[in-house]
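S.K.: Top line first, the protein sequences correspond to chains E and G.
The first sequence begins at 0 in numbering that gives the first Met the number 0 and counts up one residue at a time.
The second sequence begins at 0 in numbering that gives the first Met the number 0 and counts up one residue at a time.
For each residue, glycine too, the CB sits at the ideal point set by N, CA and C.
Predicted model only: the values in this text are computed from it and were never measured.
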Amino acid sequence: MEVEEATRNDGQRRKVLLISAGASHTVALVAGNLVCSWGRGEDGQLGHGDAEDRPMPTFVSALDGCEITSVICGADHTTAYSDSRLVVYSWGWGDFGRLGHGNSSDLFIPHAIKTLQGLQIKQIACGDSHCLAVTINGEVQSWGRNQNGQLGVGDNIDHSFPQRVKLPAEEEVVQVSCGWRHTVAITGKSNVFSWGRGTSGQLGHGDILDRNMPVLIEALSVDGSACEQIQTSKTTVLSGSSWISPSERYAVVPDETGTGQFSAALESSVGDASVPDGDIKRVRTE
Amino acid sequence: MNDRLGSFFDSLCKYLRFSKFEVKANLNQGDLLNTSNLVCSLSFDRDKELFATAGVNKRIKVFECDTILNDNMDINYPVIEMIGKSKFSNVCWNSHIKNQIASSDFEGVVRIWDATRSQPIMDYKEHGKRVWSVDFSQSDPTKLASGSDDCTVKLWSINQGGSVSTIRTKANVCCVQFQPDSGHLIALGSADYKIYCYDLRNIKTPWYILASHSKTVSYVKFLDSASLVSASTDNTLKLWDLATNKGRILKNPVRTFTGHTNVKNFVGLSVADGYIATGSETNEVFVYHKSLPMPVASYKFNCEDPMTGLEMEDDSAQFVSCVCWRGQTQTLVATNSTGNIKILEMV
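#1: Expressed to the nearest angstrom, what Euclidean distance is found between the alpha-carbon atoms of A316 of chain G and N234 of chain G?
#2: Any beta carbon of chain E sitting closer than 8 Å to that of S85 of chain G?
#3: Along the chain, where does the alpha helix (DSSP H) containing T66 of chain G start, and where does it finish?
#4: Considering only the alpha carbon of each residue, which of G:I185, G:M121, G:F300, G:N93 lies closest to T204 of chain G?
#5: Kindly give me the distance between the Cβ atoms of P109 of chain E and L45 of chain E, rounded to whole angstroms, as I take these residues to be in contact under 8 Å.
#6: Taking Cβ positions only, does D233 of chain G come closer than 8 Å to chain E?
#7: In this structure, how does DSSP classify D191 of chain G when only helix, strand and coil are distinguished?
#8: Assign I248 of chain G to buried or exposed, taking buried as 16 or more other Cβ atoms, counted over all protein chains shown, within 10 Å of its Cβ.
#9: Between the stretch 206-213 of chain G and the stretch 248-260 of chain G, are three or more C-beta pairs nearer than 8 Å?
#10: Taking 7 Å as the line, does the beta carbon of V319 of chain G fall inside it for any heavy atom of the ligand NAD?
#11: Where does the unbroken beta strand (DSSP E) through W179 of chain E begin, and where does it stop?
#12: Using 8 Å as the cut-off, can you tell me whether the stretch 161-180 of chain G makes contact with the stretch 121-131 of chain G, which would need three or more C-beta pairs spanning the two stretches below that distance?
#13: Among the residues of its own chain, which have a CB less than 6 Å from the CB of F43 of chain G, if the five just before and after it don't count?
#14: Quick one, which of G:N56, G:T257, G:L68 has its alpha-carbon nearest I82 of chain G's?
#15: What does N282 of chain G reach in chain E if we use C-beta pairs closer than 9 Å?
#16: Starting from K214 of chain G, find everything on chain E with Cβ-Cβ shorter than 7 Å and list it in chain order.
#17: List the residues that DSSP assigns as beta-bridge partners of Y123 of chain G.
#18: Would you grab the beta carbon distance between I67 of chain E and N32 of chain E for me? Rounded to a whole angstrom, and I think it's under 8 Å.
#19: Tell me whether E80 of chain G sits in a helix, a strand or coil according to DSSP, three-state version.
#20: Determine the burial state of G21 of chain E: buried for a count of at least 16 other Cβ atoms within 10 Å of its Cβ, exposed for fewer.
#21: Using the Cα positions of S164 of chain G and S156 of chain G, report the straight-line distance between them to the nearest angstrom.
#22: For my contact list, N261 of chain G and S246 of chain E are in at a C-beta cut-off of 8 Å; report their separation, rounded to the angstrom.
#23: Rank G:N339, G:E80, G:V108, G:S138 by C-alpha distance to the C-alpha of H126 of chain G and give the top, closest one.
#24: In chain order, what residues of the same chain have a beta carbon less than 6 Å from the beta carbon of S136 of chain G, not counting five sequence neighbours either side?
#25: Helix, strand or coil: which one does DSSP assign to G146 of chain G?
#26: Using a beta-carbon distance below 8 Å, is N264 of chain G in contact with chain E?
#27: For G38 of chain E, which residues from the same chain have a beta carbon less than 6 Å from its beta carbon, with the 5 sequence-adjacent residues on both sides left out?
#28: Work out the CA separation of A144 of chain G and L199 of chain G for me, nearest whole Å.
#29: May I ask which residues mark the beginning and end of the beta strand (DSSP E) holding H158 of chain E?
#30: Name the residue from G:V38, G:C39, G:C64 whose alpha carbon lies nearest to the alpha carbon of D46 of chain G.
#31: Can you check which of these residues, E:A111, E:W92, E:H100, is closest to L85 of chain E by C-alpha distance?
#32: Mind listing the chain E neighbours of V158 of chain G? Cutoff is C-beta to C-beta under 9 Å, in chain order.
#33: Does C65 of chain E come out as helix, strand or coil in the three-state DSSP assignment?
#34: Can you have a look at N190 of chain E and say buried or exposed, based on whether 16 or more other CB atoms are within 10 angstroms of its CB?
#35: If the cut is a Cβ gap below 7 Å, which residues of chain E does N339 of chain G touch?
#36: Can you tell me whether E169 of chain E is buried or exposed, with buried defined as 16 or more other CB within 10 angstroms of its CB?
As structure tokens, then:
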């Protein structure tokens with residue numbers, strides 16, 4: 000503790016231990032368990048207590064002395080945890096309960112997630128607007144947006160408090176990774192599960208359906224039926240065309256099944272089947 | 000009765016006067032190894048001496064029209080080249096300030112360039128998504144508008160960095176155009192199949208809603224202050240009369256033009272002196288006269304392999320991507336999806 004207070008502003012360059020980037024902000028863990036953030040600050044994701052952008056790395060003084068050992072960014076929010084104190088913090092855009100505090104309020108200063116206090120966390124992963132925490136025992140908790148089932152808890156309701164994710168046969172999870180709206184996990188037994196948005200086939204089950212519970216990826220899992228039959232794309236560096244005609248790619252007039260969102264309001268709606276371009280709830284108007 | 004017959008006669012004469020196209024020039028873009036030279040936009044400058052092409056190769060190339068027509072070289076080089084950061088969807092010259100040109104790109108940036116120095120003057124970065132269209136007002140040269148996939152139209156002034164106002168709609172905006180005579184009336188084409196006209200002095204509600212297309216409206220162009228032509232991926236163009244209609248919602252266009260094919264792509268639309276040019280997904284250019292629903296003339300691009308210049312098997316994936324009349328003349332510049340640019344004369 001005395002290290003941080005005495006030497007923070009002594010002009011000494013500190014070693015960067017970890018970095019994580021969100022959609023428009025970046026956070027770094029620096030020697031001495033100090034956290035710096037920079038970039039877009041409009042939603043509080045920088046944790047400096049205001050909504051200002053920071054073009055230069057700036058210490059998050061609210062985490063001084065908290066013994067932070069890891070930082071992870073979602074698209075517009077940030078999480079951090081301390082191995083030694085067993086506390087998980089979150090701050091930034093609060094929509095959909097992604098901060099895990101039981102509400103949708105934005106936070107401009109880090110706050111501890113009460114229900115995770117005391118748990119030994121092995122890893123935290125953040126998607127666009129959902130988060131997962133994996134404990135030392137391989138248990139998974141998730142919170143945040145759940146419209147596509149990305150929390151893996153069997154429903155499609157957003158959860159603003161961490162919920163336990165149950166894997167088949169209660170397998171222990173070793174690592175998770177979050178995409179924009181989906182999640183993938185590897186277990187100790189070498190099985191791979193995925194859940195969440197599936198409309199581009201990102202869950203790897205051979206279809207374009209969402210899943211709201213962890214489902215085994217057959218082709219990659221030890222218990223899966225297709226483990227030895229992974230297909231190949233049959234192209235080599237030297238083989239012919241990687242060309243797609245312009246009429247398929249460019250100058251395509253958008254229609255209602257494309258990038259249009261004209262039936263729903265700009266806020267997300269249940270059953271939203273379109274637009275991987277992100278919600279445009281916050282457009283700066285000046 | 001005489002008046003109507005007279006005007007029908009005039010229209011028929013205009014329709015019958017031309018029947019085909021002659022190729023006056025053929026531009027092969029110098030960078031033949033570039034895999035995609037699709038030109039999304041063509042625009043003539045204030046004096047109709049220069050035309051700019053812009054598209055997926057992230058370059059705005061400005062050519063001298065007369066030099067190309069007179070010189071007849073194999074490869075024509077642009078007199079000015081401006082390189083951008085993203086693929087361009089549209090360019091529009093300022094109708095008063097000679098060397099100023101605006102561009103819109105796939106990243107959502109609207110940029111104003113000084114063409115003589117090939118330098119950007121101003122960047123407008125408020126749109127959250129691809130901007131399909133940008134248009135300078137012809138009557139107020141400090142004003143321009145842009146329409147985007149983010150469902151908004153933004154109004155800009157060359158004198159300020161932030162938007163002057165924003166019109167929020169419920170679907171992608173594919174095109175915007177100012178009415179020629181006023182700086183305050185603007186038309187936009189939407190992915191909800193309708194055309195909206197707004198009076199910029201009151202953007203809360205549209206001044207007109209034109210609803211007849213059965214697919215996204217990809218282009219709108221004013222023929223004159225009271226009539227406009229719209230293009231859509233429903234294979235039609237439609238002519239609308241705004242003068243005689245007092246109502247807010249118009250469901251009946253004056254005329255629907257068919258003959259070309261357009262179900263997927265932006266194929267271009269340009270109007271001059273009552274003649275309406277459009278591209279087609281059959282790799283052809285079609286021209287209609289405003290008075291009659293069938294084409295006056297058409298021209299088919301031959302399918303040349305962009306690398307060798309030799310005739311290819313008919314490649315059904317080629318389409319004409321952009322057309323632009325040279326002012327009020329019968330000269331038409333057209334480009335197809337391989338980036339081949341032709342200067343045609345309607346005869």
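M.R.: Based on what the coordinates show:
#1: Rounded to whole angstroms, the gap between the alpha carbons of A316 of chain G and N234 of chain G is 17 Å.
#2: No, its Cβ sits nowhere closer than 8 Å to a Cβ of chain E.
#3: 64-70 is the extent of the alpha helix (DSSP H) around T66 of chain G.
#4: It is G:I185.
#5: No, P109 of chain E and L45 of chain E are not in contact; Cβ-Cβ is about 10 Å, not under 8 Å.
#6: For D233 of chain G, the answer is no, since every Cβ of chain E falls outside 8 Å of its Cβ.
#7: Reduced to three states, the DSSP call for D191 of chain G is coil.
#8: Answer is exposed; the Cβ neighbour count stays below 16.
#9: The stretch 206-213 of chain G makes contact with the stretch 248-260 of chain G; the number of CB pairs closer than 8 Å reaches 3 or more.
#10: For the ligand NAD, the structure offers nothing, since it holds no ligand at all.
#11: The continuous stretches of beta strand (DSSP E) do not include W179 of chain E, and DSSP gives it neither H nor E.
#12: Taking 8 Å as the limit for Cβ pairs, the verdict is that the stretch 121-131 of chain G does touch the stretch 161-180 of chain G.
#13: If we look at F43 of chain G and ignore the five residues flanking it on each side, its Cβ neighbours are F50, R325.
#14: Closest by alpha carbon: G:N56.
#15: Neighbours of N282 of chain G on chain E: none; closest Cβ ~10 Å, over 9 Å.
#16: For K214 of chain G, the chain E residues whose Cβ falls inside 7 Å of its Cβ are D254, in order along the chain.
#17: Answer by DSSP bridge pairing, in chain order: G:V109.
#18: Confirmed, Cβ separation roughly 5 Å.
#19: Strand.
#20: With 16 or more other Cβ atoms within 10 Å, it is buried.
#21: Distance between the alpha carbons of S164 of chain G and S156 of chain G: 10 Å.
#22: Not really, about 12 Å apart at Cβ, beyond 8 Å.
#23: The shortest C-alpha separation from H126 of chain G is found at G:V108.
#24: Here the set comprises K142, F177, G182.
#25: Three-state result, G146 of chain G: strand.
#26: N264 of chain G has a beta carbon lying within less than 8 Å of a beta carbon in chain E.
#27: Excluding positions up to five away in sequence, the list reads S23, H24, T25.
#28: The alpha-carbon atoms of L199 of chain G and A144 of chain G are separated by roughly 11 Å.
#29: Where H158 of chain E is concerned, the enclosing beta strand (DSSP E) stretches over 158-164.
#30: Taking only the C-alpha atoms, the option nearest D46 of chain G is G:C64.
#31: When only C-alpha atoms are compared, the closest one is E:A111.
#32: First, the residue type needs correcting, since residue 158 of chain G is Asn and not Val in the sequence shown. Result: empty, since nearest Cβ-Cβ is about 16 Å, beyond 9 Å.
#33: Correct three-state label for C65 of chain E: coil.
#34: The Cβ neighbour count for N190 of chain E, taken over all protein chains shown within 10 Å, is at least 16; the residue is labelled buried.
#35: Going along chain E, no residue has its Cβ under 7 Å from N339 of chain G, so there is no contact; the nearest lies around 12 Å.
#36: Under this definition E169 of chain E is an exposed residue.
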